[in-house]
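Take 15 as the starting number for the sequence shown in the working numbering and just add one per residue.
Using N, Cα and C, we set each Cβ at its ideal position, and we do this for glycine too.
The structure appears below as structure tokens.
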Amino acid sequence: MGPRRWRMLLLQLWGTSPDRLALQDALDRLWACPAFLVELRDLCALLLERTDHLAPPLDWEQPVPLALHARYSRAEIYAAFGLISDTQQTTGQSGVLFDRATQCDVFFITLKKSERLFSPTTRYNDYAISPWEFHWESQSNTREASATGQRYIHHVERGSRVLLLVREESKRGGVTLPFLCLGFSEYVSHEGERPMAIRWRLQRAIPGGFYPELAVAV
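As structure tokens, then:
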């Protein structure tokens with residue numbers, strides 16, 4: 015298991031505090047707790063028994079250890095892109111991330127946007143149109159002619175990717191919900207600007223039987 019995947023696990027175990035241990039120090043502490051390791055193995059076995067679908071790795075040449083139709087916290091996703099490391103901690107609450115190293119636009123999409131957590135200018139109209147297509151609104155200042163708008167429209171010919179990550183709501187029962195990785199998508203069309211309402215076609219369909227929260231939005 016590579017360092018990015020280890021860091022994704024350790025972020026789940028010990029959180030995202032800026033003063034967290036370096037990766038090797040954290041692994042040394044983990045190996046030094048045999049009782050904890052046994053409990054962790056038992057938990058993994060239980061979760062495997064409850065798994066009702068396969069989550070294949072993304073079809074990508076980049077070293078980003080994310081799997082299709084698996085769920086991840088925001089911090090795990092940043093770690094998968096190498097943006098959280100021993101020397102770097104790039105995090106944020108924005109709904110968009112452009113990773114220059116991989117030339118990938120990452121969209122963090124929350125379907126149900128509460129007035130308490132989202133301002134009127136960030137309450138974008140995002141929803142599944144069908145198992146294959148998704149309606150998404152850009153940030154409120156994005157124009158069609160802007161560098162960002164043009165990258166969205168022409169991403170295929172320019173060699174960049176668009177990755178959709180979706181959750182039904184920010185929190186449920188006081189617990190922050192993870193994002194479901196819908197995989198890569200391609201531009202279909204758009205309307206307007208500031209924000210741009212863009213229609214994306216997924217490379218792999220949303221398996222609605224597994225994800226009723228998306229089926230509701232269809």
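Cβ shell of residue i (< 8 Å), same chain only, five flanking positions each side left out
| i | result |
| --- | --- |
| H169 | D119, R175, V176, E200, Y201 |
| R21 | L37, A93, I98, S99 |
| A105 | The sequence given here places Thr at residue 105; Ala does not occur at that position. Excluding sequence neighbours, T105 sits near T30, R88, A89, Y92, L97, I98. |
Three-way DSSP call (helix, strand, coil) for residue i in this model
| i | result |
| --- | --- |
| T124 | strand |
| K204 | Going by the sequence as given, residue 204 is His instead of Lys. It is a strand residue. |
| R34 | coil |
| A81 | strand |
| L196 | strand |
| V230 | Confidence is the limiting factor: at V230 the pLDDT is only 49, short of 50, which leaves the residue's position unreliable, though a coordinate-based value still follows. Helix at V230. |
| Y86 | strand |
| R114 | coil |
Local Cβ density within 10 Å of residue i, reported as buried at 16 or more and exposed below that
| i | result |
| --- | --- |
| F50 | exposed |
| H67 | exposed |
| T101 | exposed |
| F112 | exposed |
| A40 | buried |
| L72 | buried |
| L194 | buried |
Beta-carbon gap between residue i and residue j smaller than 8 Å
| i | j | result |
| --- | --- | --- |
| L196 | R181 | no |
| A89 | L44 | no |
| T156 | R114 | no |
| I91 | L179 | yes |
| L82 | A69 | yes |
| V110 | Q153 | yes |
| M210 | E158 | yes |
Neighbourhood of residue i by C-beta, 7 Å cutoff - its chain only, sequence neighbours within 5 removed
| i | result |
| --- | --- |
| W150 | F121, I123, D140, I212, W214 |
| R19 | P79 |
| K126 | E182, E183 |
| P17 | L37 |
| W146 | R215, L216, A219 |
| T162 | T156 |
Segment limits, alpha helix (DSSP H) that includes residue i
| i | result |
| --- | --- |
| D106 | The sequence as given places Gly at residue 106; Asp does not occur at that position. Note, G106: premise wrong, no alpha helix (DSSP H); not H, not E. |
| E183 | Taken as a continuous stretch (DSSP letters only), E183 belongs to no alpha helix (DSSP H), being part of the beta strand (DSSP E) at 175–183. |
| F50 | 48–64 |
| R157 | Taken as a continuous stretch (DSSP letters only), R157 belongs to no alpha helix (DSSP H), as it is neither H nor E. |
| I167 | 161–167 |
Sequence-distant residues of the same chain with beta carbon closer than 6 Å to residue i, five excluded per side
| i | result |
| --- | --- |
| T116 | Q76 |
| I167 | Y201 |
Range of the contiguous beta strand (DSSP E) that encloses residue i
| i | result |
| --- | --- |
| L216 | 211–216 |
| H149 | 147–151 |
Heavy atom of the ligand SAH within 7 Å of residue i beta-carbon
| i | result |
| --- | --- |
| L97 | Summarising the ligand content, the structure contains no ligands, and the ligand SAH is consequently not present. |
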